[in-house]
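*Asks:*
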Amino acid sequence: MSEVILEMRNITKTFPGVKALDNVSFSVRKGDIHALVGENGAGKSTLMKVLSGVYPHGSYEGQIFFLGEERQFKDIADSESVGIAIIHQELTLVPMLSIAENIFLGNEPRKNGIVNWHEEVQKSKELLKTVGLRESPQTLISDLGLGKQQLVEIAKAISKKVQLLILDEPTASLNETDSEKLLDLLVEFKKHGMTSILISHKIQEIKKVADVITILRDGATIETLEKNRDEITESRIIRDMVGRDLTHRFPPRESTIGETIFEVRDWNVYHPTHSDRKVCKEVNLSVKKGEVVGIAGLMGAGRTELAMSIFGHAYGRHITGKVLLHNREIDVSSVEKAVKNGIAYATEDRKSLGLVLIQDVKSNVTLANLENIKDGMFIGSHKELQAATYYKNKLSIRCSNIMQKTVNLSGGNQQKVVISKWLFADPEVLILDEPTRGIDVGAKFEIYTIINKLASEGKAIILISSELPEILGVCDRIYIMNEGKIVGEMPAKEASQEKIMERIMLTQEVMG
Amino acid sequence: MNTFKSIIKNNIRQYGMLIALVFIMIFFWISTDGILMRPVNITNLLLQNSYIIIMAIGMLLIIVTGVVDLSVGSVCGFIGGLAAVLMVRYHFNVYVTMLICLAVGAAIGAWNGFWVAYQKIPAFIVTLAGMLIFRGLVLWLLGGESVGPFPEEFQRIASGFIPDFFHNPGFHLTSIVIGVILSIIIVFLDFRSRRNNQKYEFEVLPLPFFIVKNLVVVAAIMGLCIVMASYKGLPNVLVLMGVLAVIYTIITDKTILGRRIYAMGGNEKATKLSGINTDRLSFFCFMNMGVLSALAGMVFAARLNSATPKAGNSFEMDVIAANYIGGASTTGGVGTVVGALVGAFIMGILNNGMSIMGINIDWQQVIKGMVLLMAVFFDVKQKNKSGK
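Chains as they are written, first to last, in my numbering: chain C, 1 to 512; chain F, 513 to 900.
Here it is as structure tokens:
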């Protein structure tokens, strides 16, 4: 049982401005369930992408040995051909095709050049039996729930004679029973000699099934714990995952906090297409004048959904609850009304939801408040240029001039344009969703400084972020959200990454 | 300091099609022994293409939002038929008929817009259905036969000329005066915008280029006016097109409405999340298209002096092609009224010039198709180059 199936040696992977993996070594024994844990952005997914060939050989430094040989994967097909299969968090099934068609997509059994349907269905039946899914191979994927879709993904992986199965947060979107089933299946596979790597945030389930646990943080391996050798406790894992130096990453913050100006009461939101799935459950929150309030949580906790549903019902269905500004209920039933009533939401997806990339800086800055630059019947070009120049200087947007197209700006500067757009709309409440995602450290600091400045000007700010240090470094008060619910609230002074993680993990535990 | 080469390079895309138009004109001018540029032919050319140009202006807005309207040809024919039936069979007053036609055009546009904007049916399907529906309705309305002739007042929309206030026989002085006024306004506006841009330290065309550009524009306007003046003066239709072109250029360039339409075409989701009602914009563009199709339908019927069941057949293709030749993007967010005009003129001059040269209709189609393909090809090439 001690044979090593995979060894990754001194892997370093840099993106422009960021070292995503720093000299990581990682080895997996045959027949183990090896858990990989770490915060969002710790480098887990990057490491797995290096392994599976998404980042091809040559784009990283270091060596990969698989089944005793050095491998240089060019792409995913390459790694699949030797028996490595990765199942992503976002499933990659074609909804309008059947289970059998999905399992053999790109790999169809053929007879004289045409698809051998009989064989495909027969083989699918066997595979479905292996993964314990009782469905006809002809069932369409769109008729299956998420848990069953996950099983189809696994069946698809097995059909390719997989030796090493990588699962990226497989239970993140599953309910208790489905999660249980999936984990049992992994244990069952293990008995047959299958090796798997399990990426997960749920410490409870890791403790239950993993033989070895590797903890990553900031692109480096912190510790590798082994069952029956090391003492594995939740607090130890959490400490390994978070503990880091927070000085000088954030500008100093002195807050002057006024009265409560924004409140959300009993907010409930259902999924736009799966009408039985509740995405936000009885959410209550409030923000004071000049206060920066953070919403912490894992990916998929429902934070973006919450923000977008408040912002003019831009997400979800059957939304119930009240939104109050200065103790008066306001109408947020359309984005138009929400903006008019003083709410602004800077999206996490600035390229596809935040900017009109083919237009210039000035047009993007003024888009949400064109009424304000009106000159009689026309756009006052003088007013527009003034406004855009003002924000260019205030937020130090680096562009050749305000006529430059936003598609040509760097991520940080694009983010500044998005924020400028909302500042120009003059909101009272500004919701920032992952404002520093994908931008470099220097630009992050600038964004934090802008947030401080806005708060001191009396805006109420809600900051959604998956990076806990950011939440701790920037906010005055923190809400913790998990599985659509607010599960905790604490002043930033009393909060720590351990405490936040603990709240998330504990509430996860209740669910399974 | 910009070099001569880089200036040409940076501006060739903007003026590329205009330059192509000039070359095409020169080519046919020579190859038709000057027939192309004769006053009577120029007048004909404008009348022949007026309805395409009127619809191309409306189509521009729709293409900028990122979709197309295939029903315009049928709507054009249907409104012509409606006008004919009202005036010839029921003896309606000409002006009442025009108002009814425009209102019906608006209603048809609203019908298309309702399905596209509020019921989220793809525009291609809605307007393909509209193409069949209104072609069917015009057949039913006219009972399969041509209806005409029209009262003279109605014919004048297409075949009339503006009156000469100077009563100068042989030379239409009013046309010249209009040309001069127009030239002065255009040069003044261009100069003002250049000065404004300089104030904000934006890049402007170097002075010699600026002067050359304005001279060319003035020469084109005055040339056209002088040619027309030596025939019967400016046709009513030309004035109508000119007014529409100016109004829609202002709408697209200078108004909040225009800005929002371009933003929507550039990124509909982001525009929606900026608090803009994109459904209403889309509805407006279709309704506007309906009104302009109705106008084009009347002009077309007036020109032929009868309404036929086949009227407007496949006009939609010329209208859409004119926009793409003029630099509009198939994915939306890009395109100008001037571009659409240039595109329509290129198509029109190709038709006219080739007909004069005696090229058969079969080869005319082939050449027009190639021109469309090449124009878009060069546009895409240019974009890829400047994107890198």
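Where is the CB? At the ideal position from N, CA and C, for every residue including glycine.
To the nearest angstrom, report how far apart residue 734 of chain F and residue 694 of chain F are at their CA atoms.
*Replies:* For residue 734 of chain F and residue 694 of chain F, the distance between alpha carbons rounds to 9 Å.
*Asks:* Take residue 870 of chain F as the anchor and find which of F:535, F:548, F:656 and F:814 has the nearest alpha-carbon.
*Replies:* Measuring from the Cα of residue 870 of chain F, the nearest candidate turns out to be F:548.
*Asks:* Verify whether the separation of the beta carbon atoms of residue 813 of chain F and residue 532 of chain F is less than 8 Å.
*Replies:* Not closer than 8 Å, so no.
*Asks:* Keeping to the same chain, check which residues put their C-beta closer than 7 Å to that of residue 246 of chain C; ignore five residues upstream and five downstream.
*Replies:* The pLDDT assigned to residue 246 of chain C is 45, lower than 50, so where the model puts this residue is not dependable; a value taken from the coordinates is nonetheless given after this. Closer than 7 Å at Cβ, skipping near neighbours: 469, 472 and 473.
*Asks:* Closer than 9 Å, Cβ to any Cβ of chain C: which residues of the stretch 712-735 of chain F, in chain order?
*Replies:* Going along the stretch 712-735 of chain F in chain order, one finds 712, 713, 714 and 715 with a Cβ nearer than 9 Å to chain C.
*Asks:* Can you list the residues of chain F that residue 368 of chain C reaches, using a CB-CB cut of under 7 Å?
*Replies:* Result: 786 and 787.
*Asks:* Using a Cβ-Cβ distance under 8 Å, would residue 395 of chain C count as near chain F?
*Replies:* So no, residue 395 of chain C is outside the interface.
*Asks:* According to the Cβ coordinates, are residue 787 of chain F and residue 305 of chain C closer than 8 Å?
*Replies:* No, the pair does not count as a contact, with Cβ atoms beyond the cut-off.
*Asks:* In this structure, how does DSSP classify residue 161 of chain C when only helix, strand and coil are distinguished?
*Replies:* Coil at residue 161 of chain C, not helix or strand.
*Asks:* Can you check whether the C-beta of residue 342 of chain C is within less than 8 Å of a C-beta belonging to chain F?
*Replies:* Residue 342 of chain C does not count as touching chain F.
*Asks:* Is residue 773 of chain F closer than 8 Å to residue 576 of chain F when the C-beta atoms are compared?
*Replies:* In this structure, residue 773 of chain F lies closer than 8 Å to residue 576 of chain F by Cβ.
*Asks:* Closest by CA to residue 275 of chain C, which one among C:318, C:60 and C:342?
*Replies:* For the residues C:318, C:60 and C:342, the minimum Cα distance to residue 275 of chain C belongs to C:318.
*Asks:* I'd like to know if the stretch 626-645 of chain F and the stretch 763-772 of chain F are in contact, where contact means that at least 3 CB-CB pairs between them fall below 8 Å.
*Replies:* Counting Cβ pairs under 8 Å, fewer than three are found: no touch.
*Asks:* Which residues in the same chain as residue 742 of chain F place their Cβ atom closer than 7 Å to its Cβ, once the five residues preceding and following it in sequence are excluded?
*Replies:* Closer than 7 Å at the Cβ level, and outside the excluded window around residue 742 of chain F, lie 551 and 683.
*Asks:* For residue 420 of chain C, count the other beta carbons within 10 Å of its own beta carbon; 16 or more makes it buried, fewer makes it exposed. Which is it?
*Replies:* By the 10 Å Cβ count, residue 420 of chain C comes out buried.
*Asks:* Closer than 8 Å by C-beta to residue 558 of chain F: which residues in its own chain qualify, once you throw out the five before and the five after it? Chain order, please.
*Replies:* So the list reads 747, 749, 750 and 753, once near-sequence residues are dropped.
*Asks:* Under the DSSP definition of a beta bridge, which residues are partnered with residue 432 of chain C?
*Replies:* Bridge partners of residue 432 of chain C: C:346 and C:463.
*Asks:* Residue 501 of chain C: buried (16+ other C-beta within 10 angstroms of its C-beta) or exposed?
*Replies:* It counts as buried.
*Asks:* Using the rule of at least 16 other Cβ atoms within 10 Å of the residue's Cβ for burial, across every protein chain shown, is residue 95 of chain C buried or exposed?
*Replies:* Exposed, by the Cβ-count rule.
*Asks:* For residue 266 of chain C, report the span of its beta strand (DSSP E) as first-last.
*Replies:* Looking at the DSSP string, the run of the beta strand (DSSP E) that includes residue 266 of chain C is 260-270.
*Asks:* Per DSSP, which residues does residue 491 of chain C bridge with? Please list them.
*Replies:* Answer by DSSP bridge pairing, in chain order: C:477.
*Asks:* Please go through the stretch 72-159 of chain C and give each complete alpha helix (DSSP H) segment of 4 or more residues, from N-terminal end onward.
*Replies:* The qualifying runs are 76-81, 99-103, 117-130 and 146-159.
*Asks:* Between residue 784 of chain F and the rest of its own chain, which residues show a CB-CB distance below 7 Å, the 5 nearest in sequence each way excluded?
*Replies:* These residues qualify, in order along the chain: 790.
*Asks:* Under 8 Å: do the stretch 36-47 of chain C and the stretch 92-109 of chain C share three or more Cβ pairs, one atom per stretch?
*Replies:* Flag = no, the stretch 36-47 of chain C and the stretch 92-109 of chain C do not touch.
*Asks:* Enumerate in chain order the residues of its own chain whose CB-to-CB distance from residue 362 of chain C is below 7 Å, with the five nearest sequence positions on each side excluded.
*Replies:* Cβ neighbours of residue 362 of chain C beyond the five flanking positions: 384, 385, 388, 402 and 403.
*Asks:* Enumerate in chain order the residues of its own chain whose CB-to-CB distance from residue 598 of chain F is below 7 Å, with the five nearest sequence positions on each side excluded.
*Replies:* Once the five neighbours on either side are set aside, the close Cβ partners of residue 598 of chain F are 604, 609 and 612.
*Asks:* Could you tell me which residues DSSP pairs with residue 613 of chain F in its beta bridges?
*Replies:* Residue 613 of chain F pairs with nothing; no bridge assigned.
*Asks:* Please list the partners that residue 783 of chain F has in chain C, where partner means a Cβ-to-Cβ separation under 9 Å.
*Replies:* Chain C residues near residue 783 of chain F: 356 and 367.
*Asks:* Which of helix, strand or coil does DSSP assign to residue 245 of chain C?
*Replies:* Any answer about residue 245 of chain C is weak, because its pLDDT of 49 lies below 50 and its placement is not dependable; what the coordinates show is given next. Residue 245 of chain C falls in the coil class under three-state DSSP.
*Asks:* Do the stretch 829-845 of chain F and the stretch 673-689 of chain F meet, that is, are 3 or more Cβ pairs less than 8 Å apart?
*Replies:* With the cut-off at 8 Å, the stretch 829-845 of chain F and the stretch 673-689 of chain F do not touch.
*Asks:* Going along chain C, which residues have a C-beta under 9 Å from residue 892 of chain F?
*Replies:* Those do not exist, as residue 892 of chain F stays about 14 Å from chain C at its closest Cβ, beyond 9 Å.
*Asks:* Give the DSSP bridge partners of residue 280 of chain C, in chain order.
*Replies:* Per DSSP, C:269.
*Asks:* Mind checking residue 616 of chain F: buried by the 16 CB within 10 Å criterion, or exposed?
*Replies:* So residue 616 of chain F ends up on the buried side.
*Asks:* Can you find a CB in chain F that lies within less than 8 Å of the CB of residue 378 of chain C?
*Replies:* Yes, contact with chain F.
*Asks:* Would residue 51 of chain C pass as a contact of residue 84 of chain C if the rule is Cβ separation under 8 Å?
*Replies:* For residue 51 of chain C and residue 84 of chain C, yes; Cβs fall inside 8 Å.
*Asks:* By a C-beta neighbour count over all protein chains shown, 10 Å radius and 16 as the cutoff for buried, is residue 892 of chain F buried or exposed?
*Replies:* Per the 10 Å Cβ criterion, exposed.
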